[in-house]
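To keep things clear, I will list the structure first and then write my remarks on it.
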Amino acid sequence: MASALILSALAMSFIVGVRYLLTSGGFALATHVRQPGLYARLGPQIRREIGWSMASALIYGVPAGVVAWGWQAQGWTRIYTDIHAFPIWYLPVSVLLYLAAHDSWFYWTHRWMHRPRLFRVAHAVHHASRPPTAWAAMSFHPWEALTGAVVIPALVFIIPIHVAALGGVLAIMTVMGVSNHMGWEMFPRWLVQGPAGRWLITASHHQRHHELYSCNYGLYFRVWDRLCGTDRGLGDFGKTRA
1 MASALILSAL AMSFIVGVRY LLTSGGFALA THVRQPGLYA RLGPQIRREI
51 GWSMASALIY GVPAGVVAWG WQAQGWTRIY TDIHAFPIWY LPVSVLLYLA
101 AHDSWFYWTH RWMHRPRLFR VAHAVHHASR PPTAWAAMSF HPWEALTGAV
151 VIPALVFIIP IHVAALGGVL AIMTVMGVSN HMGWEMFPRW LVQGPAGRWL
201 ITASHHQRHH ELYSCNYGLY FRVWDRLCGT DRGLGDFGKT RA
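Numbering (UniProt numbering) for the sequence shown: 1 to 242.
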């Protein structure tokens, strides 16, 4: 049992690490094409971001590996594979439930990480990326990585979800995490500044967090920021993107 758990954790850490390298690398390449020179002279920073991110991948892989083993070997989780086990309409609902729960957890733990002592001990690692790049999405101190590593693994024991829908949640989490840090807005102005943009977080919104620190704490949605009075709008490039 112990060896199976260790192997599962190592395998999941490897998968998380490869997923990070491919996704961040892809968005970094897109940045080179669409915004040439944006990351010029940021080589040392990017190397630090990759180093911290690979350490985070190892941490993220441990609870993910336990969940993967528990699901396949013990049936511990509420992950299901039979598409007819729940109504079809529940597939998108489950994705939204996971994103809403993850966003709530992220908002409050992120805001907590901005308390002076916790910021100095842990969160300062992430904010050392000035400006953030596509490689910074998982650039966390290990203590902060732990807070992010447990939420999705915990949810699979509580909220039923089809394995494909879970894959969709993980894909959204990865793409949003990377694209929100890449330093330019890939979405058109009509979306970012339109009705949807008032509730969804893109790079423009998160960039303001890295500029001002004490605002815009959300991950996917602006709901908690609006409710708690911590929404400070968009960064400058979000206001000018055509």
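Just so it is clear, CB atoms sit at the ideal spot from N, CA and C, and this is done for glycine as well.
Here R41 is exposed: its Cβ has fewer than 16 other Cβ atoms, across all protein chains shown, within 10 Å. The segment 190 to 200 and the segment 213 to 229 touch, with no fewer than 3 CB-CB distances between them shorter than 8 angstroms. With a contact defined as Cβ atoms closer than 8 angstroms, W143 and A122 qualify at about 4 angstroms. Approximately 18 angstroms separates the beta-carbon atoms of H181 and A149; this is outside 8 angstroms, ruling out the contact.
Within the model, the alpha-carbon separation for S179 versus G233 is close to 17 angstroms. Contact between the segment 68 to 80 and the segment 22 to 39 is absent: fewer than 3 CB-CB pairs across the two stretches fall below 8 angstroms.
Going by beta carbons, A55 and V16 fall outside the 9 angstroms limit.
By the criterion of a C-beta distance shorter than 7 angstroms, L21 is surrounded by no residue of its chain, once the five residues flanking it on both sides are discounted. For the alpha helix (DSSP H) assignment, the uninterrupted runs of no fewer than 4 residues enclosed by the segment 12 to 82 are, from N- to C-terminal side, 43 to 69. Cβ-Cβ distances below 7 angstroms link V151 to H102, W105 in the same chain, with the five nearest sequence neighbours on each side left out; the list follows chain order. Per DSSP, the unbroken alpha helix (DSSP H) holding S179 starts and ends at 163 to 179. Three or more beta-carbon pairs separated by less than 8 angstroms are not found between the segment 75 to 89 and the segment 30 to 41, which leaves the two stretches without contact. For L200, the pairing in a beta bridge is given by DSSP as F221. For a cut-off of 8 angstroms, the C-beta gap from H114 to Y213 is around 7 angstroms, short enough to register as a contact.
In this structure, A9 sits near V62, with a CB-CB distance shorter than 9 angstroms.
V67 is positioned such that its CB atom lies closer than 9 angstroms to that of P153. Counting along the chain, the unbroken alpha helix (DSSP H) around L146 starts and ends at 142 to 149.
Taking the C-beta atoms as reference points, L155 is found nearer than 9 angstroms to Y98. The C-beta of D236 has fewer than 16 other C-beta atoms within 10 Å across all chains shown, which makes the residue exposed. Taking C-alpha positions only, R189 is separated from V169 by approximately 25 angstroms.
In the structure shown, I152 adopts helical secondary structure according to DSSP, grouped into three states.
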